[in-house]
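**Student:** Sharing a structure with you now.
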Amino acid sequence: QAKIQVGCTATSDCASAIVAIDEGIFKKHGLEVEMTPIGINSNIPAAILSNSIQIGGPTSTVFLQAADGGLDLVAVAGATVMSPVSNGNITAFVRNGITIKEPKDFVGKKVGAPGLNAFLHVLFVKWLVEKGVDPKGVNFVEVTFPTMADIIKSGGVDAVLTAEPFVTRMTNAGLGSVGARYAVELARTDPIIFYAASREWADKNAAAIKKFRDALAESAVIVNNDREKASASIAKFTKQPIEVVKATPPNRSEPVLKLEQLAWWIEVMSTQKMLQSKLDTSKLVLK
Amino acid sequence: MASAAKRLETVPGTPAPQIRFDEVTLQLGGKTIIENLSLGVQPGEFLCIVGASGCGKTTALRLAAGLYQPTSGKVNFDGQPMREPRREIAIVFQDYGKALLPWRTAAGNVSLALEAGGMPSAERPARIEELLRTVGLPGHAGKYPSEMSGGMQQRLQIARCLAQEPKTLLMDEPFGALDAMTRQGLQDEVLTLVAASGATVIFVTHDLDEAIYLGDRVIGLLPHPGRIGIELSVNLPRPREQLSTREQPEFLRLRRQLFDFIKATEQ
Amino acid sequence: MASAAKRLETVPGTPAPQIRFDEVTLQLGGKTIIENLSLGVQPGEFLCIVGASGCGKTTALRLAAGLYQPTSGKVNFDGQPMREPRREIAIVFQDYGKALLPWRTAAGNVSLALEAGGMPSAERPARIEELLRTVGLPGHAGKYPSEMSGGMQQRLQIARCLAQEPKTLLMDEPFGALDAMTRQGLQDEVLTLVAASGATVIFVTHDLDEAIYLGDRVIGLLPHPGRIGIELSVNLPRPREQLSTREQPEFLRLRRQLFDFIKATEQ
Amino acid sequence: MNRTVILWRVASFAVAAGFIALWQLIANLKLVSPVFLPGPDRAWASLVRGFSTGDLWSKLAGTLEHMAYGWLAASIAGIAIGAIIGSSRTMRIYVAPSLEFLRPLPVSAIIPVAIAMLGLTQAMALFVIAFGAIWPIMLATIHGFAAVEPRLYEVARSLQMSRLAVIFKIALPSASPDILAGMRLSLTVALILSVVCEILAGLDGLGHWVLLSARAFRSADLFAGVILLGVTGYVTSVAMSLAEHRLLAWQASQR
Amino acid sequence: MTGNSAKALALPLAVLVAFEVWVRATHLQSDSLAPPSEIVMALFGAFTDLSILAATRDTLFSAFAGLAIGTVIGLALGIAIGISDTLNRLMEVTVEAIRPIPSIALLPIALIALGFGYRMEIVIVAFACVWPVLILSRAAVRSIEPRLMEVARALRLPPAQRVWKIIIPAALPRIFVAFRLSAGIALIVAVTVEIAINPLGLGAGIMLAQQALRPDLMLAYLVWIGIIGYALNILLTVAQQRLFGRAALSGDGQ
Ligand SMILES: Nc1ncnc2c1ncn2[C@@H]1O[C@H](COP(=O)(O)OP(=O)(O)OP(=O)(O)O)[C@@H](O)[C@H]1O
Ligand SMILES: Nc1ncnc2c1ncn2[C@@H]1O[C@H](COP(=O)(O)OP(=O)(O)OP(=O)(O)O)[C@@H](O)[C@H]1O
Ligand SMILES: [Mg+2]
Ligand SMILES: [Mg+2]
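These protein sequences, in sequence, are chains C, W, E, H and Y.
FYI, our numbering numbers position 167 of the first sequence as 168, with every residue one higher than the one before it.
FYI, our numbering numbers position 99 of the second sequence as 102, with every residue one higher than the one before it.
FYI, our numbering numbers position 1 of the third sequence as 4, with every residue one higher than the one before it.
FYI, our numbering numbers position 245 of the fourth sequence as 1286, with every residue one higher than the one before it.
FYI, our numbering numbers position 8 of the fifth sequence as 222, with every residue one higher than the one before it.
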């Protein structure tokens, strides 16, 4: 049995895999698994296709765009889904001097997203549309997470779409305030990240995938219930200080991926003109 | 058959010239540089070419070397047409600094010609030493050209040319950039070397005294396009001597004649 | 007081020399290049300096220009010590190609000297035209140095030096790199210009004929370290003429004398 | 004379066209998966689509703007600093080693620091691009100053010219061929850095277009962007050599 | 000499002190900046756990491998184009159009085709290094004294010997300058690839430090890269002076 490389960005979203390694759950199921940190989420599909990693954790948006672009990927297991807790972590953080009372106040503002057409951005646009605001009126730019605080402070942007722990850090530094908790208002429970592989690899390694799923089912319980253990593992993987990790609850692990959840994303992205072809959900998820 | 007959016809009796220009015309960049030049150089002859700057002296020499091909007419060497440079013809360039390989020592520079001639490497060192001694650079085998004075560099270039064992030596203002003393010393050296090897020489210079001092025959070129304007036989006795030869009435007469010729072409 | 008395003492009766070397010694890089050189050049005199390569001719000239300061001894100009180059002293460098600003036209190069002299820009064009005419380059004001032949470039450098309206003209082998014809033409031009302006000239050359042809006095330097080895007065009539002057017995006598001197120093 | 130059140009374009045909052949034969390597036909279609919908124009303009401003800033600063270091021994001793330390720093690594200091602004892009593009110009200027013919300084001395006059009338013009060559190198660097900047800092421009296309796995769009970058580089470098040709008319080799 | 190096340190030290004072005075809180004292501590820490040394090894390996490949390709093309005027004129548009393509724009394609790791990074570095070497070696060959080529013709040296005995030694000093420039580019590109994509070496170290909210460590990596580049440049400069300081070069045929 060859070693399986799992590639994720340095977040808590792949906590179920990280914990499964640290707790020896994969080993128990006869799998040898190793984590590979990947800087940018949108590189994950390419990494899978080039066999640098066998399983990766792309966000829903990255996965669907890759599938739309013709990359033959298939989702093999669920990782994290939106939940009331994780939705509460997501905010549009506004710098001092700007007040946002209602969604249309964002019109004409410069808003930094950690990736254009990426997860937070798509959600935010969806929220604007639901609130009857034309997203074209908002000026979006890209701002990576670590530079957000500095840019907000310098007034380079009016707001950033961000998440914990950055919200708390920026609030404590007195750089501004939360302008909108748009994820809470959307109140979705659709997947944030799931595990994906190339169809070719998945077809050849059906048995391994079965074991992989079983192991995740066990470790997800730990992630969702044992904060201590989960935080320790996450801190080890992301190299973030343990206090920072502990301060924010990890996103909810949900090892089983349902077809309808992807359908919602496809609809949202289609209305935002991010997809050019019609995607068939049944082919995107491995049975 | 026909061409052989013609060759015999054009040089009846006299020895066949080693280098022969036959109505040679050369155009470069649309301009006619040399026009209808006919000229024969006998084996062992020392021919000097003078002329105003830009009249085509260098070009004529390069034709003789096979570095240029005539636009019309023929250049023959030993009766064979010149298609490309030959190893039997050595050229001494005026700019010795540029014609030596700066990354090779004196010995290495001489060696280049031996390598090109396919001499086995075991035999080279002895031959190199001999050649360097001939040109008066016996102790300098390990020096780089940049460590040598101008006169030494020019002697080194001559050594490399001698390594080719040329039948013909072409020299393009070889002493132009040297000071008067070094120059006169080298003139005498060249005369000695040539007398010893019996090589044919075409020597280009703009120094009229030098041409008369060295040559058996002096040709003055006319410019635009280059063609022969004057031809003088030099009947000064050999060996020649720097001061006395230059003070002979025959020398002064030839010099005045050449001087008037050049003066006339400059207007 | 004491020094003034001394100065009066050393030149009794004769006009005060314009340039005076007083037991000048110069060391460069720990080596003594010039030793104990004493020399006076009278206003309007044409002094030529000859000597073997490396004997210190250029160095002596640079001392006279103020480009070097003597290690000991004094160089005076018009009775004043030379601390740095002065605008009254113009230097014509041998390497004319390097001494001209390649990005300025002929006119621009002459203009440089006028600008340095603070001439208002309105007056410059007329003066530039006049100077270019003087050196025989009337139609070439708009040309860049790279578009000129060597002789034209050297004439341009002379024009720039004349623009300084110098009392003294220092020339370092100015015709060394030119062909014989151009060279003789420029020799005559310089003689005419100098005669017209009355400037003092120090002229360095390694061509003995040239030194005798041009000078009122010829000095031969001995090398290692540089010092005066021979001093000859040239009593040839002026104006001089290329062929006839050079054939006079006095010319030949001086040449032989200089030649023997140089020959002796070379060993 | 001019005709042959044009003929060679045409032949040169023909060779380039030959390479494009080869590319088309590889794409048609599907030697490489079309997901990664679209044929020139698809790239061209994407280029046309990008221009007709107007998006690509603004991206191109953005890149050109970053490149031009960054390059200008680099040129001015590079010549000034180069001239100071080139003409002053003291500055050479005190400042040059620090510059040698800064020079190898990858611009990509500077970007986070630059963002912290200057924010996500045009000024930041300008600084970053100038930081990377300044070196060829500065080094060329220093070299140009060091290589001024000593004879010319002696001419200046014997004309008793002032220090300022020496810099402006002798040293700068003499160094100008070196400086222009440095500016030419910097032009390419500025283009590359504009793209790097747009990719890593998310500024609007062709780099961002390439990035978004890559993220959305639209390889035809990606190649359209890359082609446009190549064309931009070619056109600007031709423009630069024309300018050089005019400015250096005094050099024999330019004729 | 030591006096001069002390003077050379004066400016950076002054800047560092000023920066430290400014950070302390304003109680700077940033995810991208840190006071010099903390940077030094972080650098020290990275040395003690050897992580920075491993990263340096990875980066330098890719950089040098890419440099070697790029130099060989660039040199071969540059010499060929430099020798043949026809080839030079024919390839002009192609070369000038490909040269300005930033190698970083090709990253997505390289990633899909080659995956993470040394291979992809080496290819990108090689692509970036080919051009300066090609351009400069072409110029070097074209500026070879024509007289030397004529000497080769007059001696009737066969083509292989002409390249080996005349062209390469004559162009070597300028080719080495191209190599030195490319070495700097190789380091920069390698780190850039690592920052953008490749989870290897110093660039990945920077990214990880940044994402781990450790600006001190990130800047420590940055300083270390500067030191490596500085040292590399000095090394190559010394080598250049050793090899080509005199007009005499190493390619002596004896
Ligand atoms: N490659 C070339 N293309 C066009 N014209 C040329 C070329 N080479 C030389 N010429 C021209 O041919 C003429 C003769 O040149 P050549 O070098 O033979 O003169 P020269 O007699 O050797 O002069 P000098 O004494 O100055 O060396 C000159 O007018 C020159 O401009
Ligand atoms: N800056 C210097 N440092 C050390 N030695 C020098 C320097 N300049 C010249 N020399 C030495 O001083 C001596 C005289 O040099 P100078 O240039 O004056 O000779 P010259 O008579 O002009 O020779 P040439 O006829 O070759 O021009 C030479 O031996 C030279 O090597
Ligand atoms: Mg010639
Ligand atoms: Mg001299």
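Note that beta-carbon positions come from the ideal geometry of N, C-alpha and C, so glycine has one too.
All of these numbers come straight from a predicted model, not from anything done at the bench.
Using a beta-carbon distance below 8 Å, is H:P1153 in contact with chain C?
**Tutor:** Yes, H:P1153 counts as interfacial toward chain C.
**Student:** For Y:L230, I'd like the list of residues in its chain whose CB is within less than 7 Å of its CB, leaving aside the five on either flank, ordered along the chain.
**Tutor:** Contacts found: P250.
**Student:** Anything with a beta carbon under 5 Å from a heavy atom of ligand 2 counts; list them all in chain order.
**Tutor:** Ordered along the chain, the selected set is E:L31, E:G32, E:I36, E:S56, E:G57, E:C58, E:G59, E:K60, E:T61 and E:T62.
**Student:** For W:L165 and H:A1171, I'd like the C-alpha separation in whole angstroms.
**Tutor:** So the two alpha carbons sit approximately 58 Å from each other.
**Student:** Check whether chain H comes within 8 Å of C:Q273, counting only Cβ atoms and requiring the distance to be less than that.
**Tutor:** No, no contact with chain H.
**Student:** Taking the C-alpha atoms as reference points, what is the distance between Y:N412 and C:L117?
**Tutor:** Their backbone Cα atoms lie some 21 Å apart in a straight line.
**Student:** Is any non-hydrogen atom of ligand 4 found closer than 7 Å to the C-beta of W:D219, if you look at the structure I gave you?
**Tutor:** Incorrect: W:D219 has no Cβ contact closer than 7 Å to ligand 4.
**Student:** Using 8 Å for Cβ pairs, my map puts Y:L304 next to H:A1052. What's the rounded Cβ distance?
**Tutor:** Confirmed, Cβ separation roughly 6 Å.
**Student:** I'd like to know whether the C-beta of Y:M215 is nearer than 8 Å to at least one C-beta of chain H.
**Tutor:** Here Y:M215 scores only 47 on pLDDT, less than 50, and its place in the model should not be relied on; the value that follows carries that caveat. Closer than 8 Å: no.
**Student:** By the DSSP assignment, the beta strand (DSSP E) with W:G54 in it spans what residues?
**Tutor:** Taken as a continuous stretch (DSSP letters only), the beta strand (DSSP E) holding W:G54 covers F49 to G54.
**Student:** Within 8 Å (strictly less), CB to CB, does H:M1202 reach chain E?
**Tutor:** By this cut-off, H:M1202 is an interface position.
**Student:** Quick one: using the 10 Å Cβ neighbour count with 16 as the cut-off for buried, is H:S1093 buried or exposed?
**Tutor:** Exposed, by the Cβ-count rule.
**Student:** Between the alpha carbons of Y:L414 and C:P242, how many angstroms are there, rounded?
**Tutor:** Distance between the alpha carbons of Y:L414 and C:P242: 22 Å.
**Student:** Return the residues of the stretch 75 to 92 of chain E that lie within a Cβ-Cβ distance of less than 9 Å from chain H, sorted by chain order.
**Tutor:** Listed by position, the residues of the stretch 75 to 92 of chain E near chain H (Cβ gap below 9 Å) are E87, P88, R89, R90 and I92.
**Student:** With a cut-off of 8 Å on the beta carbons, I'd call Y:L369 and W:R90 a contact; round off their distance for me.
**Tutor:** Sure, about 7 Å apart at Cβ, within 8 Å.
**Student:** Beta-carbon of Y:R333 versus every beta-carbon of chain W: anything under 8 Å?
**Tutor:** No - not a single Cβ of chain W is within 8 Å of the one on Y:R333.
**Student:** If I follow the unbroken beta strand (DSSP E) through H:M1165, where does it start and stop?
**Tutor:** From DSSP, H:M1165 is part of no beta strand (DSSP E) but of the alpha helix (DSSP H) over Q1163 to A1187.
**Student:** Which class does Y:S219 belong to by DSSP, given the choice of helix, strand or coil?
**Tutor:** Y:S219: helix per DSSP, three-state reduction.
**Student:** Since E:I94 sits in a beta bridge, which residues does DSSP pair it with?
**Tutor:** According to DSSP, which records beta bridges pairwise, E:I94 is partnered with E:L173.
**Student:** Find the nearest neighbour of E:Q245 within the set E:L217, E:R136 and E:D263, judged by alpha-carbon distance.
**Tutor:** Closest option to E:Q245, Cα to Cα, is E:L217.
**Student:** Interface residues of chain Y around W:A267 at Cβ under 8 Å?
**Tutor:** By Cβ distance, chain Y contributes nothing, its closest Cβ being about 33 Å from W:A267, past 8 Å.
**Student:** Does any residue of chain H have a CB that is nearer than 8 Å to the CB of Y:M363?
**Tutor:** No, because no Cβ of chain H sits closer than 8 Å to the Cβ of Y:M363.
**Student:** Does any residue of chain C bring its CB to less than 8 Å from the CB of Y:A327?
**Tutor:** Chain C contact via Cβ: present.
**Student:** Jot down the residue ranges of each uninterrupted beta strand (DSSP E) in the stretch 1126 to 1159 of chain H, minimum 3 residues, whole runs only, in chain order.
**Tutor:** Fully enclosed beta strand (DSSP E) runs of 3 or longer: not present.
**Student:** Given this structure, state the Cα-to-Cα distance separating H:Q1292 from Y:E252, to the nearest angstrom.
**Tutor:** Looking at the two C-alpha atoms, the distance is approximately 54 Å.
**Student:** Can you grab the Cα-Cα spacing for the pair Y:E364 / W:L70, in whole Å?
**Tutor:** Spanning the two alpha carbons is a distance of roughly 8 Å.
**Student:** Spatial neighbours of H:A1086 within its chain, please: CB distance less than 6 Å, with the 5 preceding and 5 following residues excluded, ordered by chain position.
**Tutor:** Nothing listed; no residue qualifies.
**Student:** Chain C beta carbons: is any one of them nearer than 8 Å to that of H:F1258?
**Tutor:** Cβ-Cβ to chain C under 8 Å: yes for H:F1258.
**Student:** Less than 8 Å separating the beta-carbons of Y:Y444 and H:E1141?
**Tutor:** Against a cut-off of 8 Å, the Cβ pair of H:E1141 and Y:Y444 comes out as a contact.
**Student:** Using a Cβ-Cβ distance under 8 Å, would C:G40 count as near chain Y?
**Tutor:** So yes, C:G40 belongs to the interface.
**Student:** Can you tell me which of the three DSSP states H:M1281 falls into?
**Tutor:** Looking at H:M1281 - three-state DSSP - the assignment turns out to be helix.
**Student:** With hydrogens ignored, establish whether the beta-carbon of E:E176 is closer than 7 Å to any heavy atom of ligand 4.
**Tutor:** For ligand 4, at least one heavy atom lies less than 7 Å from the Cβ of E:E176.
**Student:** Would H:F1168 pass as an interface residue toward chain Y - the criterion being a Cβ-Cβ separation below 8 Å?
**Tutor:** So, not an interface residue.
**Student:** Ligand 1 and W:K34: does any heavy atom of the ligand fall closer than 7 Å to the residue's C-beta?
**Tutor:** The answer is yes for W:K34.
**Student:** With a threshold of 7 Å, establish whether the CB of W:G145 neighbours any heavy atom of ligand 5.
**Tutor:** Ligand 5 is not among the ligands present in this structure, which contains only ligand 1, ligand 2, ligand 3 and ligand 4.
**Student:** Quick check: W:L40 and W:R230, are their CB atoms within less than 8 Å of each other?
**Tutor:** Cβ atoms of W:L40 and W:R230: closer than 8 Å.
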